[in-house]
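Here the structure is laid out as structure tokens; the discussion comes afterwards.
Residue numbers (my numbering): 146 to 322.
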């Protein structure tokens, strides 16, 4: 798996000692507010999720990176690419996503990690298009999406939870690496 360094972050593979800090992030109601049904996740669910994310690397050649602060070595969350199978109407597609601990919000980390991930999608994986799917009203994610140069493509409804979603896209030939 690829490692990516940005000025402040290391995007890397998952380590065993990432489980507890990622579970802490998933247990924060503020973090999980905009994800699925908004419920928090426990240690077991987080372990299963990390296992799925690692399998996606093997199956797709991309996946979710653990994001670590270079200065401290602390896990702050994830960013990466995945296949959004939960939303068949956008398939085939590759989506970028991120999830950071709330103590790391409003510091530019999500934008920095997501920008590096788009560069990885274009340069290392040869993708020509990436989407982002967010829940309407999640203004923090909308801000990151706009900073990436993604543009709204459509609005739809989550097929399980019924709330409005906005799909953004970027043609990576136009992405400013």
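Backbone N, C-alpha and C fix where the C-beta goes; we use that ideal spot for every residue, glycine too.
For clarity, every value in this text was computed on a predicted model and none was experimentally measured.
Exercise. Closer than 7 Å by C-beta to residue 269: which residues in its own chain qualify, once you throw out the five before and the five after it? Chain order, please.
Key: The residue labelled residue 269 in the question sits at position 124 within the chain shown. 147.
Quiz item: What number of angstroms, rounded off, separates the C-alpha of residue 247 from the C-alpha of residue 258?
Solution: Taking the first residue of the chain shown as 1, we reach residue 247 at position 102. Taking the first residue of the chain shown as 1, we reach residue 258 at position 113. So the alpha carbons of these two residues sit roughly 15 Å apart.
Quiz item: Given that a residue counts as buried once 16 or more other Cβ atoms are within 10 Å of its Cβ, and exposed if not, what is residue 312?
Solution: In the chain shown, the residue the question calls residue 312 occupies position 167. Buried: at least 16 other Cβ atoms inside 10 Å.
Quiz item: Looking at C-beta atoms only, is the number of pairs between the region 156-168 and the region 202-217 that lie closer than 8 Å three or more?
Solution: yes
Quiz prompt | Three-state secondary structure assigned by DSSP to residue 213 | solution = Position 68 of the chain shown, counting from 1, holds the residue named residue 213. Strand, per DSSP.
Quiz item: Given a threshold of 16 other Cβ atoms within 10 Å of its Cβ, counted over all protein chains shown, does residue 260 qualify as buried or as exposed?
Solution: Taking the first residue of the chain shown as position 1, residue 260 is located at position 115. Buried, because 16 or more other Cβ atoms sit within 10 Å of the Cβ of residue 260.
Quiz item: Where do the ends of the alpha helix (DSSP H) carrying residue 313 lie?
Solution: By 1-based counting over the chain shown, the position of residue 313 is 168. In the DSSP annotation of this structure, residue 313 is not part of any alpha helix (DSSP H); the continuous beta strand (DSSP E) holding it starts and ends at 309-316.
Quiz item: Expressed to the nearest angstrom, what Euclidean distance is found between the alpha-carbon atoms of residue 155 and residue 308?
Solution: Your numbering for residue 155 matches position 10 in the chain shown. Your numbering for residue 308 matches position 163 in the chain shown. Rounded to whole angstroms, residue 155 to residue 308 spans 34 Å at the Cα level.
Quiz prompt | In DSSP terms, what residue 191 is bridged to | solution = By one-based count along the chain shown, residue 191 stands at place 46. None, per the DSSP bridge assignment.
Quiz item: Nearest-angstrom Cα distance between residue 221 and residue 245?
Solution: On the chain shown, position 76 is the one that residue 221 refers to. On the chain shown, position 100 is the one that residue 245 refers to. Taking the straight line joining both Cα atoms gives about 6 Å.
Exercise. Let me know the secondary structure DSSP gives residue 151 once reduced to three states.
Key: As a working mapping, residue 151 is identified with position 6 in the chain shown. In the three-state reduction of the DSSP assignment, residue 151 falls in the coil class.
Quiz item: Measuring CA to CA, which of 295, 293, 250, 255 is closest to residue 175?
Solution: As a first step, residue 175 is located in the chain shown; it is residue number 30 there, counting from the start. Of the listed residues, the one whose Cα sits closest to residue 175 is 250.
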